[in-house]
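> Submitted below is the structure of interest, expressed as structure tokens.
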Amino acid sequence: MGGNARGSVINLRHENPVFPSPFFPTRERAMPSTSRFTIAAVVLLFAAACSSTPTVPDDADHTPDQATRALIQSPDVVAAARIDLDELSTLTPLLERVAGASPDAGEGADASMPAMGINPLDYIGVPIDDIDLQQWLELSSDPIKTLAGEYQLPNELPSLATERSSYLLLSHQGNLSFIQPAMLGLPTVRDSDWPSHVNLRLLLPTNQPDALIQELGPWIDVLKEETPVEATQLFDGDGFVRLEMAVPFRGRAGVEGVDAGDWLDELGLDQLQPPASADFRPTPAYDAFVDNDAPLGAWMPVESMAILATFESLDRFARRYDRIGPLAQPRTFMEGISRLATASVVDDPMAAENEDIAVLLAADGGDRFYADLYATRTAQGERVYQAMNTPIDLPGFAIQDSFARLEFQVDRQGLQTAARAPFWTTLDTTAPVDFDADVGGIASAMLPFTEEAGPLVAATMAAQYPWTGFATDRDLILGLIPFPRALALEGMVLEDAPMLPLGIVATGAFSDTAQTHESIRQLLAIADANIPGALDAELVERDDEFIEVRLVWGLSLQQGFGGSPPLHTIDTTKLSLQMDALDALDGIAPEQAPNFFDHIHIRSHSDPDYLTHRLTIGSADAMAPQRVDSRLPSKRDATSRCRTEIAAAAVEHLTDLTREHQAKIDRWITAVEERAAECVEPTNPAASLIEERLELGRELAEEIP
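Next up, the structure:
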């Protein structure tokens, strides 16, 4: 594929190249009278990249043809969203329920203010009063017809094959000269490398590409007028039309802008090629993303989150750089290198448990809404799964009706033997993780990182090595509280206890050690001293290596467990909330919450190749997670963390250059050279890139006063 420049990243890391982040500026223009409608349309149709869902396929063929499927995994694609126009109307009842509207609402009903006072668009600067619910409903019901009427467009795209999904792709095209050094913790050329635009790609299904290209002309004019898109290119394909878009990147003050059309022309997108067959990855998460008829979906390689975090740091760095005077700029620029490298240090391929993630969103056209999350396991992830996925038996409960039910199990001992500590916690890449001794401060150690790109750094950690992070975070959050091997809990309404209307029955298995015994006894004594009579608990010796804690709140142990409770196997994560059971509690149940949220369930399924969770809202019955017939080729087992180690040198040595800047920069250069000598082949283009950018670092060091 022309212009991809993949080589300098591939040999440093697993195969995915890096890419830019969609930090789009708000165009400076007078807001037209249709702006509210435009924002809703853009969010719903062009920025659906954060939500998605799979359902049982119907008779229509919603899967992409082979050509479209391949382009979704082109080497330059780093994230994808999909929208199924024929199925979008199934979300209309969901919008009505969430907004507190009902089909039989009389005239004068307030359709602009959501009943719960929640407005997602408020977070991107759209006031609640500017949202017209009726426009949302019209868009979800028939978006093409609604938009064509609103903007007086001459056609409703009759050549668009709405029975197949459309895809919006985020590309790294045009930004590798900035991304590659930034992700390695190396200096960027201060002006010429700075990102000017981001490449978005829209794949529109059609059986008549030439006709659809003609029909799209007026629609593209509206797109350029009403969105940040500045330049476009159209190409026909086998079963689809490809629309390439240039969106300006929010850059630094004083950096001369680049014409969007010229920038797009230089990418050579007419030569776009699908990936080689060896690079195509039909992972379970990817298959779940494309092989369903859900209205909305999103898919992303896990390492993409680290790149987004890099650009979040870039945005903060740009603001800081623009505020300082010329004398401080060289030092600030060098310090900014460490901030841009932070996400690469967190992005550790040897610790990564997941390869990619898909999120899927759907409704059944009525009151039931469900969302699915799929994560494809790496070879390391499979080892962690096999080690920690050991079912365990706990006693069942003697109660019948409950409003809440929670179950989960984690074989922490198995996890300790299989998990690899992320690079920034230890330089030993092969030793098992001792969570109690070595990694107990994992979250506190990340505080300097999260200051720069907190949510995205945290998301990268959670997506890449969730069980390692889960097991280590409990040391920070729970402190001296022992972590259970398995836990089951139910909450119920106590109708005959007006002073204590809610009851809890819980049981957990803990490691049978003297320290655990003592910690649990101390905690129970503290609880009994502060809430005497309300809490009852006992420790039960088991025949295995665990002790069992049985606990009740608001009732007796006999009432909660019975005389000899039967055993119940805990093997997956389950959560159910039956909020309508709280209706009898006057003053406790939220009166303003729509009854759509009366029933909430989470069910999980673990497989050696993938993990999936399904969230169901609005149904009294939980829905089991949807399975995937895995076609995953041989799993990737990273044996090098070259890019991570090189980037770590910047984080280690360039975070504060107010004192001894020359000595710190010298140590950084030495560390990069030593690590690159060990893991970068001299023939790799990255070798010359590193040498070139280290020389730039030496020049910048001389400019620091």
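First residue of the sequence shown? That's 971 in the working numbering, and the numbers climb one at a time after it.
Ideal Cβ placement from N, Cα and C applies to all residues, glycine included.
Source: prediction; values computed, not measured.
1. Express the C-alpha separation of residue 1351 and residue 1437 in angstroms, rounding to a whole number.
2. Which of helix, strand or coil does DSSP assign to residue 1650?
3. Compare the C-alpha of residue 1256 against each of 1326, 1112, 1366 and 1046 and name the closest.
4. Using a 10 Å radius around the Cβ and a threshold of 16 neighbouring Cβ atoms, would you call residue 1008 buried or exposed?
5. Taking a contact to mean a Cβ-Cβ separation below 8 Å, would you say residue 1371 touches residue 1275 in this structure?
6. Kindly provide the ranges of any alpha helix (DSSP H) runs that are 4 or more residues long and lie completely inside the stretch 1488-1545, ordered along the chain.
7. Using only the alpha-carbon positions, how far apart do residue 1517 and residue 1454 sit?
8. At what residues does the alpha helix (DSSP H) containing residue 1585 begin and finish?
9. Can you tell me which of 1113, 1131 and 1258 puts its alpha carbon nearest to the alpha carbon of residue 1123?
10. CB residue 1140 to CB residue 1272, shorter than 8 Å?
11. Return the CA-CA distance between residue 1364 and residue 1512, expressed in angstroms with no decimal places.
12. Determine the burial state of residue 1632: buried for a count of at least 16 other Cβ atoms within 10 Å of its Cβ, exposed for fewer.
13. With burial defined as no fewer than 16 other Cβ atoms inside 10 Å of the residue's Cβ, what is the status of residue 1308: buried or exposed?
14. Compute the Euclidean distance between the alpha carbons of residue 1497 and residue 1530, then round it to the nearest angstrom.
15. What does the alpha-carbon distance come out to for the pair residue 1198 and residue 1215?
16. Which residue marks the beginning of the alpha helix (DSSP H) containing residue 1114, and which one marks its end?
17. Helix, strand or coil: how does DSSP classify residue 1462 here?
18. Thinking C-beta only, is residue 1291 closer than 8 Å to residue 1582?
19. May I ask you to list the residues that DSSP assigns as paired with residue 1548?
20. Using 8 Å as the cut-off, can you tell me whether the stretch 1312-1328 makes contact with the stretch 1631-1648, which would need three or more C-beta pairs spanning the two stretches below that distance?
21. By alpha-carbon positions, which one of 1385, 1349 and 1312 ends up nearest to residue 1324?
22. Does the count of Cβ pairs from the stretch 1237-1254 and the stretch 1292-1311 closer than 8 Å reach three?
23. Within the chosen definition, does the stretch 1151-1170 reach the stretch 1182-1197 through at least 3 CB pairs nearer than 8 Å?
24. Can you give the Cα-Cα distance for residue 1210 and residue 1180, rounded to whole angstroms?
25. Indicate the three-state DSSP secondary structure (helix, strand or coil) for residue 1289 in the structure shown.
26. If the criterion is Cβ atoms closer than 8 Å, does the pair residue 1611 and residue 1393 meet it?
27. With DSSP run on the structure shown, which of helix, strand or coil describes residue 1630?
28. Could you check what DSSP says for residue 1356 in three-state terms: helix, strand or coil?
29. Residue 1175: which of 1528, 1543, 1041 and 1651 sits nearest, CA to CA?
30. If you draw a straight line from the alpha carbon of residue 1356 to that of residue 1380, how long is it in whole angstroms?
31. Using DSSP's beta-bridge definition, name the partner residues of residue 1473.
32. Let me know the secondary structure DSSP gives residue 1374 once reduced to three states.
33. Let me check one thing: in DSSP terms, what residues is residue 1346 bridge-paired to?
34. Please report the straight-line C-alpha distance between residue 1387 and residue 1578, rounded to a whole angstrom.
35. Please confirm whether residue 1476 and residue 1521 have their CB atoms less than 8 Å apart.
This is what the structure holds:
1. 9 Å
2. coil
3. 1326
4. With a pLDDT of 37 at residue 1008, under the threshold of 50, the predicted position of this residue should be treated as unreliable, though the coordinate-derived value follows. Buried.
5. no
6. 1527-1531
7. 10 Å
8. No alpha helix (DSSP H) holds residue 1585; the beta strand (DSSP E) holding it covers 1580-1587.
9. 1113
10. no
11. 10 Å
12. exposed
13. buried
14. 18 Å
15. 10 Å
16. 1113-1120
17. strand
18. no
19. 1569
20. no
21. 1349
22. no
23. no
24. 10 Å
25. helix
26. yes
27. coil
28. helix
29. 1041
30. 11 Å
31. 1462
32. strand
33. 1580
34. 17 Å
35. yes
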